[in-house]
Structures are given as C-alpha cells and as structure tokens.
Amino acid sequence: MLTPWYKAIVVSIEDITDNTRIFRAQLPDADSFLFRAGQFMTFDLPIHEKRNKRWRSYSIASAPDTGNILEFVIVASEQGMGTRYLFEDVKVGTAISMRGPQGVFTLPDPLPTDKILCFVCTGTGIAPFRSILHDLRNRHQAHPPIHLIFGTRYEHHILYGNDMQQLTHDLDLHYHVALSRETPPNFTGHRGHVHGIYERLFAARPPVSFYLCGWRNMVTEAQQRLLQMGYDRRDIHLESYD
Ligand SMILES: Cc1cc2nc3c(=O)[nH]c(=O)nc-3n(C[C@H](O)[C@H](O)[C@H](O)COP(=O)(O)OP(=O)(O)OC[C@H]3O[C@@H](n4cnc5c(N)ncnc54)[C@H](O)[C@@H]3O)c2cc1C
Numbered sequence: 236m237l238t239p240w241y242k243a244i245v246v247s248i249e250d251i252t253d254n255t256r257i258f259r260a261q262l263p264d265a266d267s268f269l270f271r272a273g274q275f276m277t278f279d280l281p282i283h284e285k286r287n288k289r290w291r292s293y294s295i296a297s298a299p300d301t302g303n304i305l306e307f308v309i310v311a312s313e314q315g316m317g318t319r320y321l322f323e324d325v326k327v328g329t330a331i332s333m334r335g336p337q338g339v340f341t342l343p344d345p346l347p348t349d350k351i352l353c354f355v356c357t358g359t360g361i362a363p364f365r366s367i368l369h370d371l372r373n374r375h376q377a378h379p380p381i382h383l384i385f386g387t388r389y390e391h392h393i394l395y396g397n398d399m400q401q402l403t404h405d406l407d408l409h410y411h412v413a414l415s416r417e418t419p420p421n422f423t424g425h426r427g428h429v430h431g432i433y434e435r436l437f438a439a440r441p442p443v444s445f446y447l448c449g450w451r452n453m454v455t456e457a458q459q460r461l462l463q464m465g466y467d468r469r470d471i472h473l474e475s476y477d
C-alpha cells in the first residue's frame, strides 16, 4: 500500500566524513512517526520533470522512538543527481517531500533468540542496522548474539564508529570493521573485505540469520558466498542500494 507524501523540514546537516552527511528531517504534521527499524523513506527531489525519475530511497538510521525527527546517513555519489541536490542545495530549513515508511528489511517479531544475527554492510548500508540496534537497546529487547560487520576503504570513512562501540556495552553485540585499502597503526580490525570475516566466524556453520545491506556488488557476493557455505536462502535477507 502506498503511503502519503509528507513534507519534511531539514533540521540539521552534519558532515561525518569527507563525502558523507547525516541529515535530520522533521515531519511537522505528525507528533510521532511510526515505522519499523530497518525501513526506508522515498524522497521526491526536484531534479527531473518526470516524477518517477526524481525518487530516491534512503534508509532511516534513527530508532522508531525519536518523535517526528528522522535521521538519514547519505554518501555523495560523484555522478549522482539526487545526492548532488542533497549536498549542494539542501540547507537547514529546506523542505523535502518524502513518502514511507517502506520495506521489509526488518527483524521478525517476535525475535527468535536461538539463532545468531549477523549484519553485514558497507558504507551507508549501516543505516538500517543502526536503527535496529538502537531499537533493541531502547526497548531492552531480548536478543541472540549479534555480529555487525562493517566494511569501508579507509579508517576515516568508518561511519558511526563510536556509536557502535558504545552499543557493544549495551547489547550482546560484536562489532567487526574491515578496511579494504589501508591498515592504520593500532588498527585492531580486519584488513580486506567484509566476506573473510563472516566466513571465518561461521566456518562451523552454526544457525545464523544474515542481513546484508549496501551496494549491489557486496550484497550479491555475500549472498553467493553464504549459499556456498551451505546457508539456506531463507536465512539471507537483502537490502540492495542500487
Ligand atoms: C531501499 C534503499 C535504501 C537506500 N538507502 C540509502 C542510504 O541510507 N544512504 C545512501 O547513501 N544511499 C541509500 N540508497 C541509495 C540511494 O537511493 C541513491 O541510489 C544514491 O543516493 C544515489 O543517488 P543519486 O541520485 O545521487 O545517483 P543517481 O544519479 O541515481 O545514480 C548514478 C548511478 O550510480 C549508482 N551509484 C550511486 N551512488 C553509488 C555508490 N556510492 N556506489 C556505487 N554505485 C552508486 C546508482 O545506482 C546509479 O546507477 C538506498 C537505496 C535503496 C534502494
């Protein structure tokens, strides 16, 4: 079912890396906005005459209990029309038309506690997992062990690093970072891509529900590798950003 379009007002913009920003947008017509952690919104950006060429989707990075303010973490795409508009023209106070919540990249309710959860993401693919993890923490929800595997090229592109470290104290969360292009001094994470991490962690093939989010190359490769490891398709959930 299609949800209505809302007018959201951008209330803050924060640079978190050289090419990634956190946008917070308020829906002034609603006291609180109901959604399930892991869902996304579709923005209608004034970048084309044809409506369906103006639509871009963004996962909600905040937890469902933050009133009528939604957080998005968005990376600038070099050739991208939508992100050029978001990064060059959108200021605090700009109105953005958005529709949602949409999507089924959410945890089951009730959440089984007998199967490990493994979240695999690259770059801004961390957004739905941040929402889900904050939601589990805020609701004191019983949950199985969770592995969050985050991949990016360089240390300065790690998103929500401190936030995730903090969540490891609040949840049964194991946070793994993979850097594919550098190994900084004192870096205790993994050098390479995300794939080596879950292959090593789950080599003995324990019961795991996998959630994969990010650009298609990573998501497709991870899905294929997990199937090769013997995991069932039904245990692999995908959110592909392109
Ligand atoms: C369900 C869903 C949720 C999403 N959530 C987020 C989110 O939370 N944060 C976020 O930053 N993006 C997210 N995206 C991607 C977003 O919708 C846009 O595709 C992205 O911002 C690029 O839009 P653009 O208009 O700038 O580029 P366009 O002009 O639409 O695209 C140019 C081309 O490059 C590809 N492309 C764009 N950026 C990249 C990139 N960095 N790496 C590889 N290929 C790329 C596009 O797929 C397209 O083929 C999500 C996509 C979906 C489907």
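Everything in the sequence shown is counted per the numbering used here, starting at 236 for the first residue and increasing by one.
We put the CB at the ideal spot given by N, CA and C, even for glycine.
The structure displayed is predicted, hence computed values, not measured ones.
Residue environment, residue i, which counts as buried when at least 16 other CB atoms sit within 10 Å
| i | result |
| --- | --- |
| A260 | buried |
| Q400 | exposed |
| L394 | buried |
| T359 | buried |
| F268 | buried |
| H404 | exposed |
| P441 | exposed |
| Y389 | exposed |
| G483 | Examination of residue 483 is not possible in this model, given that the chain is present from 236 through 477 alone. |
| E417 | exposed |
| F322 | buried |
| E474 | buried |
| P336 | buried |
| H392 | buried |
Within 8 Å, strictly: CB atoms of residue i and residue j
| i | j | result |
| --- | --- | --- |
| T277 | R334 | yes |
| C353 | Y433 | yes |
| W450 | T357 | yes |
| A362 | I384 | no |
| L371 | Y320 | no |
| F258 | F307 | yes |
| G386 | S415 | yes |
| A265 | N303 | yes |
| I310 | A457 | At residue 310 the sequence reads Val, which differs from the Ile that was named. No, they are not a contact pair. |
| K350 | V443 | yes |
| A298 | N373 | yes |
| L406 | L368 | yes |
| R256 | I248 | yes |
| F445 | H472 | yes |
Beta-bridge partners of residue i, as assigned by DSSP
| i | result |
| --- | --- |
| Q337 | F275 |
| H409 | H382 |
| D250 | R256 |
| Y293 | M276 |
| S332 | K242 and D279 |
| Q261 | I244 and I304 |
| H472 | Y446 |
| V310 | T255 |
| I393 | Bridge partners of I393: none, in fact. |
Residue i Cβ short of 7 Å to ligand 2 heavy atom set
| i | result |
| --- | --- |
| R259 | This structure does not include ligand 2; its bound ligands are ligand 1. |
Checklist entry - So, do the stretch 329-343 and the stretch 265-275 have three or more beta carbon pairs nearer to each other than 8 Å? => result yes
Checklist entry - Does the stretch 239-255 come within contact of the stretch 369-382, defined as at least 3 CB pairs closer than 8 Å? => result no
Checklist entry - Contact between the stretch 429-443 and the stretch 459-471: three or more CB pairs below 8 Å? => result yes
Checklist entry - Fully enclosed by the stretch 421-454, which beta strand (DSSP E) runs are 3 residues long or longer? => result 443-449
Item to check | Segments of 4+ residues assigned as alpha helix (DSSP H) that fall wholly inside the stretch 353-389 | outcome: 362-373
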